[in-house]
Structure formats: C-alpha cells, structure tokens
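Engineer: Residue numbers (my numbering): 3 to 165. By construction, the Cβ of each residue, glycine as well, lies at the ideal position given by its N, Cα and C atoms.
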C-alpha cells in the first residue's frame, strides 16, 4: 500500500502508515526535493534494515526523521525505531549477533578505551541514521515523539515497515 501524499504542511498525514521499501523510496526520494541527498539516506536506511532483519527474527521499524519531511532544506538523517515482535529473542541472540545489534543503535555518552575518547553520540551508518530500540510497553511514548512535526504544533505521520 503506497504512502499517502504530503499534506499542505509537507509531512505525511498523522498516524502510522504501513509501507515497504519501494513505498518509502517513492514518497521520500522520488517525490521530494534534493533527490541525490535523499538517495544516500535511502541507501543507508535500506542497508540498515537489511542487517536488522537478519538479527531480529520479526518486528516493525518506524521510519521518521528529516527524510520524511518534504522540505527545501537538505535532509541530513533518517530516524528508525526498532520494535521486535519477541523481546525474548533479543536476549537469546548469540554474542556476535548481540554485538552487531548494539552497533546498529545510536548511543549517547560513550566512553571508548582504544583510542581513549569521550563521544557525545555514536550513530550507525556513518551518522546518516539514528537507530533506537523500543522496549515493550513504550510504543505510545515513541509514537508521540515520532508524531512531532518540523514546526511547533505540527503533527505528522510516519512509515511502518514490517518483516
């Protein structure tokens, strides 16, 4: 099912909209300015979801961020919230898979030992993407966050990819 058209505020209509990668491409790359920059962000998103779907057996990804706004400003990132169908499956991941999953998430206040440094934020895919993991029961909080539009008082929708 294709994503709905942009509203007069240049956002998706409020709500969660089911989509697949081709739907995301059509609305967020093809039907928006700065296609070249959006292509790069879409490639980052596509690769990211490809890795995530190998680590998490089934779930949903909510897609938001600057790529989901039709603006004359160049979008800088994609925001992705991962919602596993079975939280227990994450606890059962083997160590290499668990490490790979952690590497797919945005981290704040990171202290690295080698080389020794403090990083305010570590983002996957070279900083093109922010990835978050939704704990069971936190969906409503995230939905309120994802619905905030680019301007004060604007409510926007977001895409939901299921695997």
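DSSP three-state label for residue 114, please.
Structural biologist: strand
Engineer: Count the other C-beta atoms from every protein chain shown that fall within 10 angstroms of the C-beta of residue 34, then say buried if there are 16 or more, exposed otherwise.
Structural biologist: buried
Engineer: Which stretch, first to last residue, makes up the alpha helix (DSSP H) that contains residue 42?
Structural biologist: Counted as a single uninterrupted DSSP element, the alpha helix (DSSP H) harbouring residue 42 occupies residues 37-57.
Engineer: In three-state terms, what does DSSP make of residue 20?
Structural biologist: strand
Engineer: In whole angstroms, what separates the C-alpha of residue 47 from that of residue 31?
Structural biologist: Approximately 12 Å between the Cα atoms of the pair.
Engineer: For residue 63, which of helix, strand or coil comes out of DSSP?
Structural biologist: Collapsing the DSSP output to three states places residue 63 in a strand.
Engineer: Please list the terminal residues of the continuous beta strand (DSSP E) segment that includes residue 120.
Structural biologist: 119-124
Engineer: Have a look at 117, 100, 133 and 127 and flag the residue whose alpha-carbon is nearest the alpha-carbon of residue 108.
Structural biologist: Ranked by Cα distance from residue 108, the options 117, 100, 133 and 127 are led by 133.
Engineer: When you compare the region 122-132 with the region 74-89, are there three or more beta-carbon pairs, one atom per stretch, that lie closer than 8 Å?
Structural biologist: yes
Engineer: Under the rule that 16 or more other beta-carbon atoms within 10 Å means buried, what is residue 158, buried or exposed?
Structural biologist: So residue 158 ends up on the buried side.
Engineer: For my contact list, residue 64 and residue 92 are in at a C-beta cut-off of 8 Å; report their separation, rounded to the angstrom.
Structural biologist: About 17 Å separates the beta carbons of residue 64 and residue 92, which is beyond the 8 Å limit, so they are not a contact pair.
Engineer: Among the residues of its own chain, which have a CB less than 8 Å from the CB of residue 6, if the five just before and after it don't count?
Structural biologist: 14, 15, 19 and 159
Engineer: Report the residue from 100, 147 and 117 whose alpha carbon sits nearest the alpha carbon of residue 155.
Structural biologist: The shortest Cα separation from residue 155 among 100, 147 and 117 belongs to 147.
Engineer: Thinking residue 112 and residue 121 are a contact (beta carbons under 8 Å), I'd like their distance in whole angstroms, please.
Structural biologist: 4 Å
Engineer: List the DSSP bridge partners of residue 133.
Structural biologist: Answer is 82.
Engineer: Please list the terminal residues of the continuous beta strand (DSSP E) segment that includes residue 108.
Structural biologist: Careful: residue 108 lies outside any beta strand (DSSP E) and carries neither H nor E.
Engineer: Buried or exposed: which applies to residue 37, given that a residue is buried once 16 or more other Cβ atoms fall within 10 Å of its Cβ?
Structural biologist: Residue 37 is exposed by the Cβ-count criterion.
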